[in-house]
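For reference, the structure discussed in these notes is given below.
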Amino acid sequence: MKAKAHSGVTFNALCALFALIVPVLSSAGEAPLTAKQQALLDGAKKEGTFEIIATWRPQEGKAIFNAFKEAYPFVKVEQTMMAGQVGFERLRAEFASGRRTTDLINTSLIDLEKAGMLQSWKDWLEVFPKTNKKAVHSSLTSALEPGGTYALVYRSDLVPKDLQPLTYAKLKDPRLRGKIGVNIRQYYFWDAMYPKWSEEEIMRYVKTVIVPQQPRLYNGSGDGWEMLVRGEVWANPVSNTHQYFARYVPKGVKNIAVAPDFAGVESGKPVALLKDAPHPNAAKLFLHWLTTDNGQAALYQHRGRGNPYDENNIVGRWFKQHGAKLFDYEDEEREAKARESGAKILQMLGVPVPER
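Numbering that gives the first Met the number 0 puts the first residue of the sequence shown at 0, with every later residue one more than the last.
Take a look at the structure:
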């Protein structure tokens, strides 16, 4: 009887011990959630959704959101695809009416900040102490996509061989008349040559080289890439190159080269948290996820936003192969000046400055 009793106690004890061990094993390698992390998670579960205005094309956004949902399947994402300035105007209407629906937007911070639309997540780094700080804006209002790179890109199969490698200086060749594309939506991109070119040099170059070449004008980076890929233009100066790697390399487009000239690398593009966001917990959860290795990898894979200085990825290898001279362009500090100079460039091209 004693032996049976002893074996019964042993079995029960083992069962209890096993019940304690299994949850530990199931979360092996993961630190337990802190109270603040659990509160954020519970809040996000209760909200169940958030809304974002983003320039991401449907296939890009869907892939990024699917990667997010692998980690947080209980959060539904609603995206409205809009250019940054159009999205800002929609937000102004939202804020004016008081009927708020949007939580996040990926656009420049300068207008949002002036309009008082931003919200700082003040305890972000307390909630997640191991956050990748390079992927967070210093104001704690935004997660950052890896920075884009502004470069002269061209069709290596269309530009005359004796002009290759094409450079900014060679754009004055008469054979390129009508074959150069110029972005009139992001008209401030020319400033990405600063300080390698002074403001005076930028303006003089546009006036004496670009304008006489009767460039084809396009309305935004996406349109410029489409025109380049279709062969309607042969070269696009100060082009934001990340779209090439996300949209065209996967389709087998390989006849795009980059000039061995200066190419400015911007700081990361912000995904900003809006003041009085209707779904703050779910929105914050997504913002933080964007800063994680998985989030940054999704932005690289689906948006083409890889580190151009790192030749271990296709973006960095491409710039090294063509010998582009990369440098950090302080876009935030220069934004107001860039818009001012860009407006003058639009006037040279005979294009009205967009109302802001």
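No residue lacks a Cβ here, since even glycine has one placed at the ideal position from N, Cα and C.
query: Whole alpha helix (DSSP H) elements within the segment 164-242, 4-residue minimum; result: 198-204, 220-229
query: Straight-line gap, VAL228 to THR148 (C-alpha atoms, nearest Å); result: 18 Å
query: Straight-line Cα distance separating LYS343 from ALA134; result: 33 Å
query: Cβ shell of PRO214 (< 7 Å), same chain only, five flanking positions each side left out; result: ILE179, GLY180, VAL181
query: Sub-8 Å separation of LEU272 and TYR71 beta-carbons; result: no
query: Secondary structure of GLU263, DSSP reduced to three states; result: Checking the sequence shown, residue 263 turns out to be Gly, not Glu. In the structure shown, GLY263 sits in a strand (DSSP, three-state: E or B).
query: MET116, buried or exposed, once every other Cβ within 10 Å from all chains shown has been counted against 16; result: buried
query: Start and end residues, beta strand (DSSP E) containing ALA53; result: 48-53
query: ALA15 classed as buried or exposed, judged by whether at least 16 other C-beta atoms fall within 10 angstroms; result: Low confidence applies to ALA15: its pLDDT is 43, below 50, so where it sits in the model is not reliable, and the reading given next is rough at best. Its Cβ having fewer than 16 others within 10 Å, ALA15 is exposed.
query: Those residues which DSSP pairs with SER141 across a bridge; result: ALA271
query: 8 Å contact criterion, which GLY223 and ASN235 should meet: CB distance rounded; result: 5 Å
query: One or two residues paired with ALA256 in a DSSP bridge; result: TYR153
query: MET116 (DSSP reduced to helix, strand or coil); result: coil
query: Residues that LEU325 bridges to, as DSSP identifies them; result: ALA262
query: DSSP bridge partner residues for GLN78 (one or two, in chain order); result: ILE51
query: Residue from LEU124, GLU59, LYS324, ASP330 whose Cα sits closest to the Cα of PRO269; result: ASP330
query: Stretch pair the segment 58-75 + the segment 314-323: three plus CB contacts closer than 8 Å; result: no
query: Nonlocal neighbours in the same chain, by C-beta distance under 8 Å from VAL152, ignoring five residues either side; result: LEU227, ALA234, ASN235, SER238, THR240, TYR243, ILE255, ALA256, VAL257, ALA258
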